[in-house]
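Data first, discussion second: the structure below is written as structure tokens.
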Amino acid sequence: MSRHKLKFDTLPDRFAICRLSPDSAIPPWANQGAFVSITRTADELSIICAAANVPADLNVEREWICFKLEGPIPFTQTGVVTSFVQPLSDNAIPIFVLSTYDTDYILIKEAFSELAFEILRKAGHQLTH
């Protein structure tokens, strides 16, 4: 069992993880919705947003469910991400993790969501649908 007992809320939408070229402008559809993450690097422009907003012709991974960790999480607290990533990794559940100033989010493919719920609960975490 994890030393951290965490609480997660499930966000209502299904999400997409999009990859655009690094010099792309941020498209208008990317800023719609209650949860959006936009990251630009020298290699890519990554956008995570509601799948319903994403055009069909993009390089995209769809059908992700997003869990929001109840926060805020202090920057000095260690092992938080490990406490939920490790049990999922041990059970071969692919994930995508991102962090904000206040908290962490974990995206899990919808096909793995029920198994992930079960694994996280067994690890001592609380999840809401």
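Last residue of the sequence shown: 128 (numbering that gives the first Met the number 0), numbering continuous. We treat Cβ as the ideally placed atom computed from N, Cα and C, and that holds for glycine.
Report buried or exposed for A49, applying the criterion of at least 16 other Cβ atoms within 10 angstroms of its Cβ.
-> Here residue 49 corresponds to residue number 50 of the sequence shown, with the count starting at 1. Sixteen is the threshold: when 16 or more other Cβ atoms of the shown chains lie within 10 Å of the Cβ of A49, as they do, the residue is buried.
Reference P93; option with closest CA among R39, E117, T40, E109 = Within the sequence shown, the letter at position 94 stands for residue 93. Of the candidates R39, E117, T40, E109, the residue whose Cα lies closest to the Cα of P93 is E109.
State yes or no: is the C-beta of F116 within less than 8 Å of the C-beta of E69?
-> Position 117 of the sequence shown holds residue 116. Position 70 of the sequence shown holds residue 69. No, these two residues do not count as a Cβ contact at 8 Å.
Which term fits Y100, buried or exposed, when burial requires 16 or more other beta carbons within 10 angstroms of its beta carbon?
-> The sequence position of residue 100 within the sequence shown is 101, counting from 1. Classification of Y100: exposed, given that the 10 Å Cβ count is below 16.
Please work out which residues of its chain come closer than 7 Å, Cβ to Cβ, to N52, disregarding the five sequence neighbours upstream and downstream, and give them in chain order.
-> Within the sequence shown, the letter at position 53 stands for residue 52. So the list reads W28, Q31, G32, once near-sequence residues are dropped.
Should the stretch 12-22 be regarded as contacting the stretch 71-87, the criterion being three or more beta carbon pairs within less than 8 Å?
-> Between the stretch 12-22 and the stretch 71-87, the count of Cβ pairs shorter than 8 Å is below three; the stretches do not touch.
Please classify T81: does DSSP put it in a helix, a strand, or coil?
-> Here residue 81 refers to the residue found at position 82 when the sequence shown is read from its first residue. Here T81 sits in helix by DSSP.
By DSSP, does E109 sit in helix, in strand, or in coil?
-> Stepping through the sequence shown from its first residue, residue 109 is reached at position 110. In the three-state reduction of the DSSP assignment, E109 falls in the helix class, which pools H, G and I.
Through-space distance from I118 to T81, alpha-carbon basis = Here the question's residue 81 lines up with position 82 in the sequence shown. Here the question's residue 118 lines up with position 119 in the sequence shown. When rounded, the distance between both Cα atoms is 14 Å.
According to the neighbour-count rule (16 or more other Cβ atoms, all chains shown, within 10 Å of its Cβ), is H124 buried or exposed?
-> Here residue 124 refers to the residue found at position 125 when the sequence shown is read from its first residue. Buried, since its Cβ has 16 or more Cβ neighbours within 10 Å.
Mark P11 as exposed unless 16 or more other C-beta atoms lie within 10 angstroms of its C-beta, in which case mark it buried.
-> Within the sequence shown, the letter at position 12 stands for residue 11. Here P11 is exposed: its Cβ has fewer than 16 other Cβ atoms, across all protein chains shown, within 10 Å.
Contacts around S20, its chain only, beta-carbon distance under 8 Å, and the 5 residues preceding and following it disregarded = Within the sequence shown, residue 20 is the residue found at index 21, counting from 1. Excluding positions up to five away in sequence, the list reads E43, L44.
Hey, would you say T112 sits closer than 8 Å to I64, going by beta carbons?
-> Translated into the one-based positions of the sequence shown, residue 112 becomes position 113. Translated into the one-based positions of the sequence shown, residue 64 becomes position 65. The sequence shown places Ser at residue 112, rather than the Thr named in the question. Yes, they are a contact pair.
Going by the beta-carbon positions, is the gap between L114 and F66 smaller than 8 Å?
-> Reading the sequence shown from its first residue, position 115 is the one you call residue 114. Reading the sequence shown from its first residue, position 67 is the one you call residue 66. The answer is no: Cβ separation not under 8 Å.
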